[in-house]
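Asker: The structure is given below, and queries will be raised subsequently.
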Amino acid sequence: MTLHDTSRRRLRGTALPVLLLAGWWTAFQFGWSDSTLLVAPSQVWDTAARLSGDGTLWRALGASLARDLAGFILGSLAGFGVGIALGLSRLLENLVGPTLHTVKQVSLLAWIPLISVWFGLGDLAKVVFLALAAFFPVVLNTFEGIRGVPRELVEVARVFALTPLQLLRRVVLPAALPSIFNGIHLALIYAWLATLGAEYLLTSGIGIGNLLTDGREHLWMDQVLLGIVVVGLVGFTLNWLAGVVEARLLRWRGTSTGQY
């Protein structure tokens, strides 16, 4: 893809946000709605400048990202370990797999009452909730990636008399990397979405979710809309960074990436 094609693709991607912003400004400018819930884009901008200037926005964003990162790392590491164990052991899969597949059907939000009883309403409960959100996509994609390794590769490794550890490190994990990275990518997105849910429902502390809650309770729609914009921008950035890292780490696979 040429640089010109890339630029055109990015411009097309900005078309819808620009149209929405233009429609929002037009609706306010021409008074198409007299609702107090409709605020001007300039008012949202002024609120962003005010909350940024006194540090409120940055403290909330920093707290949310810190929880997101902690939960994502814990959940991903646990999911990676369990996924490898299930992928390598048929016995463990038969023992644990049915329970795991049953538990994953439970809505993530349904765990909040239990987590709040066990861990309270503070940061620990939120991190546990986020770790749970990141755990399932990683464990399932790691398991599927390992089980999807071509049998021919394993047979060749056995011909070369590789030890089980060498087989895992040199054959199984490299072949399963696309699926594993897909799980990690999903975990990053799910953890960020769960961050807002945790802060919205477990209201103790500060964060972007708490900023949204305060705006809703006081009908500060400029603050609510600012929070939505920040959430969207952070989610977009995390998704973009995950895609860049994944593409670079899997570049060595060439055209074979994603074939397993």
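Per the UniProt record's numbering, the sequence shown starts with residue 1, numbered consecutively.
Beta carbons: idealized from backbone N, C-alpha and C, even for Gly.
1. Using the Cα positions of phenylalanine 72 and alanine 134, report the straight-line distance between them to the nearest angstrom.
2. Closer than 8 Å is the cut-off here; do at least three beta carbon pairs connect the stretch 158-177 with the stretch 93-109?
3. Please state the DSSP three-state secondary structure of aspartate 54.
4. Report the CB separation of glycine 183 from proline 150 in whole angstroms; it is logged as a contact under 8 Å.
5. Buried or exposed: which applies to leucine 230, given that a residue is buried once 16 or more other Cβ atoms fall within 10 Å of its Cβ?
6. Which same chain residues end up closer than 7 Å to leucine 61 when comparing Cβ atoms and leaving out the 5 residues on each side of it in sequence?
7. In angstroms, rounded to a whole number, what distance separates the CA positions of glutamate 217 and leucine 65?
8. What three-state label does DSSP hand glycine 81 in the structure shown?
9. Kindly say whether valine 39, judged by its beta-carbon, lies nearer than 9 Å to any beta-carbon of chain D.
10. So, do the stretch 75-83 and the stretch 142-156 have three or more beta carbon pairs nearer to each other than 8 Å?
11. Taking buried to mean at least 16 other C-beta atoms within 10 Å of its own C-beta, is glycine 227 buried or exposed?
12. Looking only at its chain, what residues have a beta carbon closer than 6 Å to the beta carbon of phenylalanine 181, apart from the 5 residues adjacent to it on each side?
Answerer: Reading it off the structure:
1. Roughly 6 Å between the two C-alpha positions.
2. no
3. coil
4. With a Cβ gap of about 19 Å, glycine 183 and proline 150 do not count as contacting.
5. Note that residue 230 is valine in the sequence shown, not leucine. With 16 or more Cβ atoms within 10 Å of its Cβ, valine 230 is classed as buried.
6. Ile208 and Val230
7. 23 Å
8. helix
9. Of the chains in the structure shown, none is chain D; there is only one protein chain.
10. yes
11. buried
12. Glu246
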